[in-house]
Amino acid sequence: MEMSEGDAVDRERTDKVDQDVQEAFESEDDVSVIVHIEDGESEDFLDDAQAINHRAERIQTIIDQLTVRAETTQTEVLSVLDNLASQGEASEVASLWIINAISVRVSEAALAEIKQLTDVSHVTKEETFTVPEVEVETEPRLPEWGLEKVYAPDVWETYGIEGDGVVVGIMDTGVEGDHEALHENYRGSANNHDYSWADFSSNGYADPQDGHGHGTHVAGTAVGGNDGEPIGVAPGAEWIAVKIFNDSGSATETGIHQAFQWFLAPGGDPEMAPDVVNNSWGNANTYATTFLEGVRAWEAAGIFPLFSAGNEGPGGGTIGSPASFPESFAIGATNQLDQIADFSSRGPVVWDGESYIKPEVSAPGAQIYSAWPGGGYHTISGTSMAAPHVAGVIALMIEANRDMTIQDIRNVLKDTARAETHMGSLPNVIYGEGIANAYQAVTIAGYAGTVEGTLTDSDGNAIPGSIEVEQEQIHVDTNEDGTFSFSIREGSHVGLARAFGYETSEFSFEVTRGETVELNVTLNETAQTDLLGLIVDEDGEGVPAARIRVQDAPLSAVWTDDNGHLRFVACL
34 MEMSEGDAVD RERTDKVDQD VQEAFESEDD VSVIVHIEDG ESEDFLDDAQ AINHRAERIQ
94 TIIDQLTVRA ETTQTEVLSV LDNLASQGEA SEVASLWIIN AISVRVSEAA LAEIKQLTDV
154 SHVTKEETFT VPEVEVETEP RLPEWGLEKV YAPDVWETYG IEGDGVVVGI MDTGVEGDHE
214 ALHENYRGSA NNHDYSWADF SSNGYADPQD GHGHGTHVAG TAVGGNDGEP IGVAPGAEWI
274 AVKIFNDSGS ATETGIHQAF QWFLAPGGDP EMAPDVVNNS WGNANTYATT FLEGVRAWEA
334 AGIFPLFSAG NEGPGGGTIG SPASFPESFA IGATNQLDQI ADFSSRGPVV WDGESYIKPE
394 VSAPGAQIYS AWPGGGYHTI SGTSMAAPHV AGVIALMIEA NRDMTIQDIR NVLKDTARAE
454 THMGSLPNVI YGEGIANAYQ AVTIAGYAGT VEGTLTDSDG NAIPGSIEVE QEQIHVDTNE
514 DGTFSFSIRE GSHVGLARAF GYETSEFSFE VTRGETVELN VTLNETAQTD LLGLIVDEDG
574 EGVPAARIRV QDAPLSAVWT DDNGHLRFVA CL
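The numbering of the sequence shown is the numbering used here, which starts it at 34 and goes up by one.
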């Protein structure tokens, strides 16, 4: 994938080595670098792997392909690095098979030797990342208002679905594992963290901990509250976590790549891979492709790659990376009035000349109340808080329908997002498709049938109008030819059909899950009358040829006659 035309590359490179590596040696004796290996292979195997139905088998195939590629192309370079390490010229060597590269700390002399190797494509300085800044807020009047805004309680009450059997990954500052809102649905146990926890930060905790707070808050919003009052969207889902940021909020590029690898097969077992991973972090550089290969591997594996859009708003073109990737699903942040938060990053982004609307959807992210280390609760704001709302929605959807693919989930989330009039024409680069709607998403995912039909007048002529089923939050505008189609929860429903110039009609219908019902609705014309008027100037004289149009009504404009008179045909 290339950056959009006109965007500056994020590194300058001469003689295989990025300029920032050379500059680092001006002040340091040893520098941490990423040695990228020349392999000449495409990633077509990721597409091929998606044809494998059994997920664990598919993931293992992906891992095998990636590790074999690394083993066959990195051998010579690793041998040289081992030799340099024995001489004290290199240290901290780690093979990163997910990107076919090697992380290592080297002296300038070692670098000079490494860049001569034919298998070395290029050498970059290892990047460091900081946890996203969040705004600390006073506690909102309704602490769990975000749950209400995404209609999570409606899902719990209507369908009895809380995310049971679904695994949500948290890639963040860690999670306080013994927090009252989180300890019950941690997938691991006090004696076994092998498949549910890893720490690739400098802290190296053996069990789930979080000395920062950001990750615990995120986890609480996604799945918190199984042991009491829910604070998370999917309180029945299990969580696993990788700590990439240390307690000071700093992460390394190497640690993040290792986390991408670990989530493919936690503890080495692809059967233990999560269904979705929440990533409330990113790079402000929209077009940085550092983690593109990791996101692509997740997508091919069937792990939903969910990312916060970033906190660089309100300007346009501020979506962070990896949220900016076409493969990533980016989430913007809204407030209690369903308005976009000022800090929420906006799109669009352009990859290979194609423009993408980002974020895909939005979710509550301002003044969000959730778990905090020390057994407490805290209120903070950021798109970091919005993304886990959607992680929870995805968990609810997957419980409703375990057969959903990554693309199915993407489509349903976007198709069912809640639109409000103040959002303008949707989708747009501010809200995406609107605010995530758990109730509609779960309904469509697992409990809906389809209604198709045509709106006609009493003579059988098709007319444009709208269909509304208020109880199910459904409003559908017909096509110009009067046809309509929508999905709705199984059962009996009452709808309203409307069209300008026709009487509103109430109708009943029955829907069966997974089936399509044909529903044609006939409307009767309303009585009409002539509406007469006169347009005059300031002297009271009639104004000829004045154009008059009725706002918000599908009536053709009329013009006044020579004396300023006008005539409309109006509906009573």
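All residues carry an ideal CB built from backbone N, CA and C; glycine is no exception. Just so it is clear, the structure is predicted and the values come from calculations on it, not from any experiment.
- Using a 10 angstroms sphere on the CB of T549, the tally of other CB atoms stays under 16, which defines it as exposed.
- In the structure shown, N316 adopts extended strand secondary structure according to DSSP, grouped into three states.
- Cα atoms of A298 and L529: separation of roughly 50 Å, rounded to the nearest angstrom.
- For I70, the CB contacts under 8 Å within the same chain, skipping 5 residues up- and downstream, are A103, T106, Q107, V110, N133, A134, I135, D152, V153 and S154 in chain order.
- Remark: three or more beta-carbon pairs, one from each stretch, lie closer than 8 Å, so the segment 375-384 and the segment 462-472 are flagged as touching.
- Distance from P392 to A363 at the Cβ level is roughly 4 Å; contact confirmed, criterion being Cβ atoms closer than 8 Å.
- DSSP, reduced to helix, strand and coil, places S354 within a strand of the structure shown.
- For W295, no beta strand (DSSP E) encloses it; the enclosing alpha helix (DSSP H) starts and ends at E286 to L297.
- Contact between the segment 482-492 and the segment 419-435 is not established, with fewer than three Cβ pairs separated by less than 8 Å.
- Rounded to whole angstroms, the gap between the alpha carbons of H212 and A252 is 11 Å.
- If one requires a minimum length of 4 residues, the alpha helix (DSSP H) runs lying completely within the segment 150-215 are 178-182 and 185-192, in chain order.
- Spanning the alpha carbons of V101 and L339 requires a straight line of approximately 28 Å.
- Nearest to L144 by C-alpha distance, out of E539, W230, V475 and A123, is A123.
- Within its own chain, the residues whose Cβ lies closer than 6 Å to the Cβ of F233, once the five positions on either side in sequence are excluded, are I277, G288, Q291 and A292, listed in chain order.
- Residue nearest to S354 within the set G386, S361 and N316 is N316 (criterion: CA-CA distance).
- Relative to V576, the option among E146, D490 and G566 whose CA is nearest is G566.
- Secondary structure at Q120: coil, using DSSP grouped into helix, strand and coil.
- In the structure shown, W331 falls within a helical segment according to DSSP collapsed to helix, strand and coil.
- With contacts defined by Cβ atoms closer than 8 Å, E262 and I413 do not form a contacting pair.
- Counting along the chain, no beta strand (DSSP E) covers H245, and no H or E run does either.
- The C-beta distance from I401 to G179 rounds to 6 Å, short enough to meet the 8 Å contact threshold.
- Bounds of the beta strand (DSSP E) holding G528 are G524 to R531.
- Going by DSSP, E71 is part of no beta strand (DSSP E) at all; its letter is neither H nor E.
- DSSP places G482 in the uninterrupted beta strand (DSSP E) bounded by A481 to D490.
- From the listed residues G121, G524, I131 and N368, the smallest Cα separation to D97 is found for I131.
- As for any beta strand (DSSP E) of minimum length 3 sitting wholly inside the segment 384-415, the runs are 387-389, 394-397, 401-405 and 409-414, ordered along the chain.
- Proximity to V544 across Q561, D595, T476 and W592 peaks at T476, based on C-alpha coordinates.
- Per DSSP, the continuous beta strand (DSSP E) segment holding L567 begins and ends at Q561 to L567.
- Annotation: V423 to D227 spans about 27 Å, alpha carbon to alpha carbon.
- The C-beta distance from N311 to G407 rounds to 22 Å, too long to fall under 8 Å, and the pair is not in contact.
- Judged by their CB atoms, V394 and K447 are nearer to each other than the 8 Å cut-off.
- Under the three-state reduction of DSSP output, G301 falls in the helix class.
- Annotation: the continuous alpha helix (DSSP H) that includes D80 extends over D77 to A82.
- Distance check between T249 and each of G265, F533 and F517 places G265 closest, using alpha-carbon atoms only.
- Of the residues assessed, I521 falls on the buried side of the cut-off, its CB having 16 or more other CB atoms within 10 angstroms.
- When DSSP reads this structure, R138 sits in a beta bridge with S65 and S124.
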